[in-house]
Structures are given as C-alpha cells and as structure tokens.
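K.L.:
Going by our numbering, the sequence shown opens with residue 43, and the numbers climb by one from there.
Please see the structure below; I have some questions.
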Amino acid sequence: MSKLIDDPDPGIRRNPENSTPEKPMKVVEVDLGNESRVVQISRFISYQDSWKFFNYLDQNIPWTRPTVRVFGRSHLQPRDTCYVASEGLAQLVYSGYQPHAYSWDEFPPLKEILDMVHEAIPGSSFNSLLLNRYKGGSDYVGWHADDEKLYGPTPQIASLSFGCERDFLLKKKPSKSAQVKSAERCEGERPSKRAKKLNGSDQHYTFVLKHGSLLVMSGYTQRDWLHSVPKRAKADSTRINLTFRHIV
Ligand SMILES: O=C(O)CCC(=O)C(=O)O
Ligand SMILES: [Fe+2]
C-alpha cells in the first residue's frame, strides 16, 4: 500500500515566486525503505509558465523517435526523445541507442529550468537531460530503472512534467533471494499462477504527473525499484517530460 506523507521535505527548497496563496506548491515525500526516496512537488512551475515552456519545447526541440533494441528485438521507441548534456562527459547509451548530445547553449529556456531545479534541490548538480515527448495515450515508457553505470550507485533524477497528465508507476524489483525463495514455494503450482508470483511484487506506488510538477527519485531507487509511464487510452494530448541526471 502507498504510504504518503504530506510533509514538506526540509531538504527541498520552495520557490517563493511560484508559491501564490491561491496555488501553493505541495510537497509529498514517499520513503520507499532501504534508503530509496521519492519526492513530488506539485506546481513547481506555475501553470502559465509551464505552458510557455511546453510550447517552446514542443516547437524548438529537435525531437526524434529512434529505433531501440529491447530483449534482442528492434522496435521504434514509443515516444519522441532528445538529449542534452554538458561537454566532456561519458556518452549515454541505452537500449543499444546512443543519442546525439546537444549543448545547453542551444536551448536557453532549458538552462533557466535547470537553474530552478538546482535551486530547489540543495547540493544537486545535474549535467545531462533526457527529454521525452508522449504524443498521446499510446506513447509510453515501459518498466525500467535508470541504473546505467555512468550515473553512479545512487543517482538522483529530477523529472519535470508539462502538458497532459499521466500516471507514473513504481514497483519493487524482485530481489535475487526473493526470486529463489518464491520459485521454491511455487513448485508444483500451475504455470500461469507461478509466473505471476515470480514476477509480481506487491510493493507499488502510483503518482499523477501533473502539468508543472517535479518528481525527484533519490538514494537506491534505481537499484531497487522499476518505474514506468504506461499507455492510457484517456490521455489524448501531448505530454513533455524532462529528466535531469548527473553523470559522475
Ligand atoms: O516520462 C516520465 O515521466 C519518465 C521518463 C523516464 O523514466 C526516463 O526517461 O527514464
Ligand atoms: Fe526512467
């Protein structure tokens, strides 16, 4: 079951310019256990500014929809993407795809957003950004962890959302020992039931990614948890997502 603590995280600084009395920021912190944490800030960027950024990004980012390889099979990535990174960093490669790294200087509003994110998260120093554009409810990102070695053992990832609201799901990775124990327990059971028990983890959370909201994953979230933005038939407009990362 979800444990939501509606208690502002003292480690996250509010931006006074955006905290209007009508629409204050709301901070929700979820302690996932074992030093994994998620913090969500609703209305991190005001409604109007968020639409300005949305329109800028929709029109000015050189979006591509690459072919990627997942489980040995090539397919079109089910969302548009772009990558921005500081110079001299290790190259990002995921699902057999190496995105071209654009410079921050080419997109001044991204630098503006980066400054706001740095100000909100004390001690953060993001140097790369993966952008996603979901053109409707059939665009998605499947279960994964951003656990590439270049992010180090405890990456902090700050994810900003603009446009259409989508669900963000988190589920615990089954631990190796749990898989072995579970396999022993399931011996003799029907294959369908067995598969469900082996793959399934009963720990999961759902966050609604609202226009202008910031979600920060920290600690061991990438090592111990998987996340996804699943297809949603009712999501009928575009969503743009920025995920800020630090390459060590
Ligand atoms: O769109 C999102 O909110 C998540 C994107 C994501 O998980 C990723 O780019 O790694
Ligand atoms: Fe991710």
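Glycine is no exception: its CB is placed at the ideal position from the N, C-alpha and C atoms.
At 4 residues or longer, and completely inside the segment 172-220: list those alpha helix (DSSP H) runs for me, N to C.
P.N.:
If we require 4 residues or more, the segment 172-220 turns out to have no alpha helix (DSSP H) run fully inside it.
K.L.:
Give me the pocket residues for ligand 2, defined as CB within less than 6 Å of any heavy atom, sorted by chain position.
P.N.:
Checking every Cβ against the heavy atoms of ligand 2 under 6 Å gives His186, Asp188, His269.
K.L.:
Excluding five sequence neighbours on each side, which residues of the same chain lie with their C-beta closer than 6 Å to the C-beta of isoleucine 83?
P.N.:
So the list reads Met67, Val69, Leu256, once near-sequence residues are dropped.
K.L.:
With the cut-off set at 8 Å, would you say serine 78 and threonine 248 are in Cβ contact?
P.N.:
Going by C-beta atoms, serine 78 is not nearer than 8 Å to threonine 248.
K.L.:
Would you list the residues sitting across from isoleucine 282 in a DSSP beta bridge?
P.N.:
Bridge partners of isoleucine 282: Arg175, Phe204.
K.L.:
Run the proximity test for valine 183: is its beta-carbon closer than 7 Å to any non-hydrogen atom belonging to ligand 1?
P.N.:
Indeed, a heavy atom of ligand 1 lies less than 7 Å from the Cβ.
K.L.:
If you pair each beta-carbon of the segment 265-278 with each one of the segment 169-185, do three or more pairs fall below 8 Å?
P.N.:
Cβ pair count under 8 Å is three or more, so yes.
K.L.:
Using the beta-carbon count (16 or more within 10 Å), is valine 80 buried or exposed?
P.N.:
Looking at its Cβ environment, which holds 16 or more other Cβ atoms inside 10 Å, valine 80 is buried.
K.L.:
With tyrosine 144 and valine 159 assumed to form a contact (beta carbons below 8 Å), what rounded beta-carbon distance in angstroms separates them?
P.N.:
In fact, because the Cβ distance is near 18 Å, the residues do not count as touching under 8 Å.
K.L.:
Can you find the residues in the same chain that come closer than 7 Å, C-beta to C-beta, to lysine 238, ignoring five residues on each side of it along the sequence?
P.N.:
Per-residue confidence for lysine 238 stands at a pLDDT of 41, beneath the threshold of 50, marking its modelled position as unreliable; the derived number appears in the next sentence. Within the same chain, lysine 238 has no close Cβ partners at all.
K.L.:
Is DSSP giving glutamate 77 helix, strand or coil here?
P.N.:
Here glutamate 77 sits in coil by DSSP.
K.L.:
Count the other C-beta atoms from every protein chain shown that fall within 10 angstroms of the C-beta of serine 201, then say buried if there are 16 or more, exposed otherwise.
P.N.:
Serine 201 comes out buried.
K.L.:
For the putative contact between isoleucine 282 and leucine 99, defined by C-beta atoms under 8 Å, what is the C-beta separation to the nearest angstrom?
P.N.:
Yes, isoleucine 282 and leucine 99 are in contact; Cβ-Cβ is about 5 Å, under 8 Å.
K.L.:
With 16 as the cutoff for other CB atoms within 10 Å, does arginine 111 come out buried or exposed?
P.N.:
Answer is exposed; the Cβ neighbour count stays below 16.
K.L.:
Verify the contact flag: phenylalanine 204, CB atom, against every heavy atom of ligand 1, threshold strictly below 7 Å.
P.N.:
Not under cutoff, so the answer is no.
K.L.:
Can you grab the Cα-Cα spacing for the pair glycine 261 / aspartate 209, in whole Å?
P.N.:
In a straight line, the C-alpha of glycine 261 is about 22 Å away from that of aspartate 209.
K.L.:
Determine the DSSP secondary structure at tryptophan 146, reduced to helix, strand or coil.
P.N.:
It is helical.
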